[in-house]
Structure formats: C-alpha cells, structure tokens
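Below is one structure, written out as structure tokens; the observations come after it.
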Amino acid sequence: MSQTSESTAASAIGATEYQARLDAVFSVARDGLLAVGPDGCILDANPAAAEVLACADLVGREFGLPLVATELVEIDLPPRDEQSRLAEMRVSPTLWAGQPAWLVALREITAQREAERRWQDAEAQQRQILDALQVHLVVVDQHGRIAAANQAWLNFGERRGLPGAVAVGQTHRAAMALRTGGHQADVEAAERGLRAVLGGQAALYEQVYPVQTPTGPRWYLLRATPLQWAAERGAVLLHLDVTDPRQAAISAAEDRLRADVQTALARREAHLERLSRTVPAPTTAASFGQGPLREELPEVWAVLARTFREVLLEAVEDRAFRTAGDRSPLLRHLSEELGTLRGGPRDVIDLYLQALRTFAERSPDVRREVAAEEGRMLALELMGYLVTYYRRHATAGAAGPELDERAEG
Amino acid sequence: MIRCRLKLYITGHSPRSELALRNLRQICDRAFDGNYELEVVDVLEQPQRAEEDKVIATPTLIRVAPPPQRRIIGDLSERVMVLRGLGLWDPDLEATQGDR
C-alpha cells in the first residue's frame with residue numbers, strides 16, 4: 013500500500029487538520045464513504061454508507077480489503093425488499109488517524125442500471141419494430157450522412173451488391189444514386205428536398221421515384237421529416253414501395269374510365285333503340301302492311317346483318333391501322349338488297365344496333381367506341397344509298413318488287 | 038495436498054458473479070495448480086451464511102485456510118492483486134512457474 017502523497021499532504025497541513033478535513037468530507041458526502049484499515053476492517057463510515065450497505069453498525073466490521081483494478085468496480089449490495097442492488101466502488105489510499113487506510117466510496121447505481129436496462133430494452137424493441145418494417149428507413153445527420161438504418165434499408169443495398177453504399181456513415185445522396193441507378197434528376201431532387209428539411213425550410217418533403225429491379229420497375233415514395241435530438245438536427249427518411257398502391261390507383265382510374273365509357277355507350281344504344289322503335293315502319297314496307305325486316309324475314313335479315321357487321325369491322329380496322337378502304341360498293345349492294353326487300357330507315361338502324369351488340373360482346377371498350385362512331389357513319393351512308401335506290405325506282409315509275417318476290421328472296 | 042481453502046460469496050447469477058467466479062478459478066488454477074478448495078456461497082440462497090460471516094457486499098472472497106482468515110472485496114480480475122490481497126502472493130513460486 014502506498015500512501016506517499018497522502019502522507020505528504022498530511023505533513024503539509026498537519027495530521028489533525030487532515031483528519032478534520034476527511035471528517036468534514038465524510039459528513040457531507042452523498043456517497044457512502046468508508047475508511048478501511050489494512051486488515052480490511054471498517055475504521056469509520058458515514059451515514060450514507062450505512063444507507064447504501066443497509067447496515068447501521070459498520071465500524072469495526074470486516075469489510076475486506078477493497079480491490080479495484082481500474083477506476084472503479086461494481087459490487088452487489090445486500091438485497092432490499094428482495095430486489096437486488098448494485099453499487100460502484102472507488103478506492104483511494106489515505107491516512108486515517110495518522111495510519112494508512114483505504115478510502116472507499118460507494119454509490120448505489122441500482123436505479124441508474126435499471127433505467128439503462130429499460131432504455132436498452134426499449135431501444136431493442138424499437139429496433140426490432142423498425143427492422144420488422146418493410147419500409148426502408150434511415151436517419152441522417154445534419155450533413156445528410158446516414159446515422160442509422162433499419163434492416164430493410166440495408167437489405168436493399170445487399171441485394172444490389174453494394175451494402176457499403178447504403179451503410180451508416182455514407183451520404184443519403186450516394187444511397188439515392190444507387191437506388192435510382194444513377195438517375196441524376198431524381199438524385200438532385202431528393203438532395204434539394206432533404207436540404208430543405210435539414211435547413212428548417214420544409215417540414216416535409218415527398219418525392220416519388222422509380223427503381224429498376226430484375227422483375228421490372230418499382231416505384232418508391234421518399235418522405236423526409238425533420239428530427240431533433242440533443243443539440244443536433246437531422247431527418248428521418250422513409251422510402252416506401254408504392255408500386256402496388258400506385259398500380260391499384262391506375263387500375264381504379266381505368267375502371268372508372270371504362271365504366272364511364274360503358275355507361276355512355278349503353279345510354280347511346282338505349283337512345284338508338286328507342287329511336288328505332290319510334291321510327292314508323294318503313295313507308296315502303298308499311299304500304300305493304302309489313303313490319304321490320306328482322307321480324308318479317310329473320311333469316312334474310314341475319315344475312316344482311318352479317319354483311320353490315322363485316323363492313324363495320326373493316327371500317328374499324330381501317331381506322332386502327334390508318335388505312336383507307338372503299339366500302340361504298342358493299343354499302344350500295346346492301347342498299348339494293350334492302351330496297352328490294354322494301355327495307356327502310358328502321359331496318360338500317362336495326363342493322364347498326366345488331367352490329368354494335370356484337371362488338372359489345374366481343375370487343376374492348378375502345379374498340380366499341382370506335383365501332384359506334386364508324387357504324388353511325390356507315391348507317392348514314394347506307395341510308396343515303398337506300399334513298400337513292402327509292403328515288404331511282406320512283407323516277408322510273410316502278411314500285412319495286414312485289415311482296416311475294418320479297419318473300420321468295 | 039491442499040494449499041488453500043477459499044470461500045467466495047456471490048449474489049445470484051449476475052454477470053458480476055459469473056465473472057468473479059471465472060476470474061478466480063483461472064487465478065487459482067494457475068497459482069495453486071489445482072491444489073485448492075473453493076466454496077461458492079450464493080447469499081440469495083444462503084443468507085444465514087452471509088450473516089454468520091458478516092459479509093456486507095459481494096463478491097467477497099475469504100481465505101479460510103491457511104489461517105488467519107483474510108478477506109477481499111471487489112475486482113477479482115487481477116491475479117497479483119488478488120493473491121496479494123489474500124496474502125498468498127509468492128514471488129519465488131511465480132518466478133519458477135513463469136508466465137504460463
């Protein structure tokens with residue numbers, strides 16, 4: 013035991029004064045203080061020591077030679093209320109009543125350790141929660157360097173074969189360059205947004221950007237919000253995969269558009285249906301006491317309907333492929349057939365509607381819409397040829413084929 | 038021939054207790070070449086033993102034999118410090134054993 017410095021100090025101020033000062037320290041110290049002799053027995057103890065060691069009568073008891081290899085050592089205290097307790101022990105050589113001794117300082121750290129344990133538990137729990145999240149999450153410091161990252165974020169770097177590029181200590185900018193495949197505009201935009209958040213100019217920054225993956229492009233939402241801890245300012249950055257919600261939103265929009273188109277088409281068909289029923293029986297046919305061709309001569313009408321549908325199909329394909337076919341001969345021939353059978357406007361509309369129904373059953377919405385437009389034009393053209401047919405026969409003074417001829421046809 | 042008999046008081050199976058026991062066994066294995074007895078007393082399981090020996094805190098190590106009894110408390114990691122504290126430090130023996 014070396015008490016050289018203590019001996020020197022005691023000599024300088026006098027043994028009595030030295031002891032008086034030690035006594036003063038003992039009486040006011042909040043830590044438990046023991047003076048322990050070379051044999052390990054307690055020479056003196058302050059009230060705090062009695063509290064810490066849960067022992068009122070310490071003087072004269074054997075404490076043991078206190079061993080502290082470094083600055084301090086943790087020792088277990090007698091349990092209180094069946095709860096284990098812990099103390100830090102510091103030891104310093106001293107003189108006590110002019111004799112070499114050890115000054116032992118005891119500070120109970122049970123509550124501190126418990127708080128640390130709870131904090132560590134909470135931190136571990138939070139860590140587990142963050143690692144369980146699929147969202148890629150990083151915390152950056154005020155310089156934009158990654159200070160913490162969850163497992164999903166780190167996994168992304170590993171999948172890209174560059175785990176170091178997204179690791180703690182790297183810049184978020186470098187990580188963005190990896191994520192976007194070096195797409196400079198996205199990298200710069202993210203950097204500007206992050207700077208605004210870090211600088212306090214923005215409370216939130218959001219950016220959607222694509223990430224190329226082996227299975228195709230994925231879309232991510234970057235969301236940066238400020239984070240203040242201790243005296244530092246940083247930001248929390250979430251990179252959320254929004255591919256599925258984005259696709260769902262697009263599909264929903266397409267569904268709404270499709271529904272609107274279907275409603276419009278249905279309304280138009282219903283209107284034409286009503287129109288066909290309000291149009292009186294063809295004058296020519298009515299004069300012969302006939303109804304619509306589709307009722308009077310369904311088999312013949314089916315052939316005419318197929319012809320009209322084929323003409324319409326050609327028109328739709330011409331429009332799709334931007335070609336220009338001449339359908340006039342076929343329509344003229346069809347008008348001749350209709351005229352021969354005493355067909356009229358209602359029969360033309362029936363042909364149009366029948367063709368549209370076929371498209372409605374077999375074609376996508378866009379094709380149906382094109383068919384509706386083209387069919388309307390064809391029906392008008394056919395109507396024109398039919399009018400020409402009747403004019404020609406009226407001028408010639410001919411009334412056209414008789415009913416029995418029509419029946420035979 | 039048993040060269041010494043020791044009694045170690047610990048509190049439960051805390052990391053401090055486990056570390057103290059591990060350190061002490063290493064020290065004794067080397068210093069006494071296995072010729073020692075070590076009794077470990079858990080004050081949580083045998084509080085009356087701690088009371089009888091007037092143990093105030095742990096880890097407390099008591100040299101039971103050879104007499105007289107000596108006790109140390111605190112850090113049991115430093116071999117020389119522990120052996121000196123127990124009064125079992127033998128520089129000559131250390132020199133013959135070398136740094137094994």
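Going down the list, the sequences are from chains A and B.
Using our numbering, you'd call the opening residue of the first sequence number 13 and step up by one each time.
Using our numbering, you'd call the opening residue of the second sequence number 38 and step up by one each time.
Positions of the beta carbon are idealized from the N, C-alpha and C atoms, including for glycine.
| Asked | Found |
| --- | --- |
| C-beta neighbour in chain A for B:Tyr112, strict 9 angstroms | Checking the sequence, you will find Asp at residue 112 of chain B rather than Tyr. Closer than 9 angstroms to some Cβ of chain A, the Cβ of B:Asp112 qualifies, so yes. |
| C-beta atoms of A:Ala127 and A:Leu149 nearer than 9 angstroms | no |
| A:Thr192 - DSSP class collapsed to helix/strand/coil | coil |
| Alpha helix (DSSP H) segment containing A:Gly351, residue limits | Ser340 to Thr352 |
| Assumed close pair A:Gly387, A:Ala367 - CB separation to whole angstroms, cut-off 8 angstroms | 6 angstroms |
| In DSSP terms, what A:Val360 is bridged to | In DSSP, A:Val360 forms no bridge with anything. |
| Run of the alpha helix (DSSP H) containing B:Pro84, from where it starts to where it stops | Pro84 to Glu89 |
| One or two residues paired with A:Gln274 in a DSSP bridge | DSSP lists no partner for A:Gln274. |
| Residues that A:Pro59 bridges to, as DSSP identifies them | Answer is none; A:Pro59 lacks a bridge partner. |
| CB contact check: A:Asp88 to chain B, cutoff 9 angstroms | yes |
| Same chain only: Cβ atoms within 6 angstroms of A:Ala410, ignoring 5 sequence neighbours per side | Confidence at A:Ala410 is low in this model, with a pLDDT of 49, below 50, so its placement is unreliable and the value that follows should be read with caution. If we look at A:Ala410 and ignore the five residues flanking it on each side, it has no Cβ neighbours. |
| Chain-ordered neighbours of A:Gly76 on chain B, where CB pairs are closer than 9 angstroms | Val92, Ile93, Ala94, Thr97, Leu98, Ile99, Arg107, Arg108, Ile109, Ile110, Gly111 and Gly122 |
| Chain-order list of residues whose beta-carbon lies under 6 angstroms from that of A:Met188 (same chain, five-residue window excluded) | Val199 and Ala202 |
| Per-residue DSSP class, three states only, for B:His50 | coil |
| For A:Leu250 and B:Ser51, the rounded distance between their alpha carbons | 40 angstroms |
| Boundaries (first-last residue) of the beta strand (DSSP E) holding A:Asp330 | Premise fails: A:Asp330 lies in the alpha helix (DSSP H), Pro310 to Ala332, not in any beta strand (DSSP E). |
| Chain-order list of residues whose beta-carbon lies under 7 angstroms from that of B:Arg59 (same chain, five-residue window excluded) | none |
| Three or more C-beta pairs below 8 angstroms linking the region 99-106 of chain B and the region 42-56 of chain B | yes |
| Proximity of A:Val178 and A:Ala160 at Cβ, strictly below 9 angstroms | no |
| Inter-residue CB distance, A:Val223 and A:Arg230 (contact presumed, cutoff 8 angstroms) | 5 angstroms |
| DSSP beta-bridge partners of B:Ile109 | A:Leu77 and B:Leu98 |
| Three-way DSSP call (helix, strand, coil) for A:Ala247 in this model | strand |
| Member of A:Glu100, A:Ala314 and A:Phe38 whose CA lies at the smallest distance from the CA of A:Val360 | A:Ala314 |
| Per-residue DSSP class, three states only, for A:Gly228 | strand |
| Residues sharing a beta bridge with A:Pro112, DSSP | A:Leu107 |
| Chain B within 9 angstroms of A:Thr28, Cβ atoms only | no |
| Reference A:Gln111, options A:Arg102, A:Ala406, A:Leu55 and A:Arg268, closest by Cα | A:Leu55 |
| Span of the alpha helix (DSSP H), counted from its first residue to its last, around A:Leu34 | Ala27 to Val40 |
| Residue of A:Glu393, A:Leu353, A:Gly211 and A:Leu84 minimising C-alpha distance to A:Val103 | A:Leu84 |
| Where A:Gly49 meets chain B, residues with beta-carbon distance less than 9 angstroms | The premise fails here: A:Gly49 is roughly 13 angstroms from chain B at the closest Cβ pair, so nothing lies under 9 angstroms. |
| Sequence-distant residues of its chain with Cβ nearer than 6 angstroms to A:Phe371 (five each side left out) | Arg380 and Ala383 |
| C-beta neighbour in chain B for A:Ser104, strict 9 angstroms | no |
| Sub-9 angstroms separation of B:Ala94 and A:Pro90 beta-carbons | yes |
| Contact check, B:Glu115 vs A:Leu115, beta carbons under 9 angstroms | no |
| Rounded C-alpha distance that separates A:Glu170 from A:Leu239 | 27 angstroms |
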